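Protein chains in written order, with full-length UniProt numbering: chain A, 1 to 138; chain B, 1 to 84.
Cβ atoms here follow ideal geometry from the backbone N, Cα and C, with glycine treated the same way.
For clarity, every value in this text was computed on a predicted model and none was experimentally measured.
This report refers to the structure that appears directly beneath it.
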């Protein structure tokens, strides 16, 4: 079942990654499975770098979005990305379904670590991300 | 997760297990000096997938110079040990 993000009813919710009413955004939706939060995407040519290949920056954005929303759902408050590292492994193809699954890896009073894996329709890992987030006061 | 207190032998065993799983070969068929890119069925994507698994397992970020410079389990284990 799709997870309801805390700001879904705000009129000014225009997040490029997950706002349903941003016509230029990705409109990602999320589901929970155990400790993980995941989303699926299948992007068109507007999001490519080389022909037929989803731009690596877009892939990173989806990883960041999934990890960040996982933290929000766990903690109830936003957290901001302070650093993120990508490991690109294979090709994320335009027009094919992919999944990003995020999990938390560490937590301190100020910082939270998370990881995300991007897999293709066969379940093969095509990219992975690790990131650190700073807890926001509100 | 594997930790920085692991001995070099434990690191090597863990690396060997991940390599065997990703390349779908028996662990005991892999010696420390096996050329990973020479294993049947191995390709550059599988090697990167293996590196990603190893980075996650040991919670390290390997430098690309190391990733593309290593070719054996012994060499991978060595860069992991230095990164811990």
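Legend entry - Boundaries (first-last residue) of the beta strand (DSSP E) holding residue 11/A: That residue, residue 11/A, is in no beta strand (DSSP E); it is neither H nor E in DSSP.
Inset, instruction - Using alpha carbons as the reference points, say which of 130/A, 131/A, 134/A and 95/A lies closest to residue 53/A. - result: The residue with the shortest Cα to Cα distance from residue 53/A is 95/A.
Legend entry - Euclidean distance between Cα positions of residue 40/B and residue 30/B: 12 angstroms
Legend entry - Cβ-based contacts, 7 angstroms cut-off: residues of the UniProt domain "Thioesterase" (52-126) of chain A near chain B: Listed by position along the chain: 85, 87, 89, 90, 115 and 125.
Legend entry - Cβ neighbours of residue 2/B in the same chain (closer than 6 angstroms, five flanking residues each side left out): 14, 57 and 58
Inset, instruction - Could you tell me whether the Cβ of residue 128/A comes closer than 9 angstroms to any Cβ of chain B? - result: yes
Legend entry - Under 8 angstroms from the C-beta of residue 63/B: neighbouring residues of chain A: Near residue 63/B there are no residues of chain A at all, since even the closest Cβ is about 12 angstroms away, more than 8 angstroms.
Legend entry - the stretch 28-37 of chain A / the stretch 80-99 of chain A touching (three or more Cβ pairs under 8 angstroms): Segments in contact, no.
Legend entry - residue 112/A versus residue 105/A - alpha carbon distance: Each residue's CA atom was taken as its position, placing residue 112/A and residue 105/A some 8 angstroms apart.
Inset, instruction - Specify whether the stretch 58-72 of chain A and the stretch 4-22 of chain A touch according to this definition: at least 3 beta carbon pairs, one from each stretch, less than 8 angstroms apart. - result: yes
Inset, instruction - State yes or no: is the beta carbon of residue 48/B nearer than 9 angstroms to at least one beta carbon in chain A? - result: yes
Legend entry - Rounded distance between the beta-carbons of residue 51/B and residue 25/B, thought under 8 angstroms: Actually they are not in contact, since the Cβ atoms of residue 25/B and residue 51/B sit about 17 angstroms apart, beyond 8 angstroms.
Inset, instruction - Only counting runs of 4 or more residues, tell me where the alpha helix (DSSP H) segments fall wholly within the UniProt domain "Carrier" (9-84) of chain B, in order along the chain. - result: You should have 44-58, 64-67 and 73-83.
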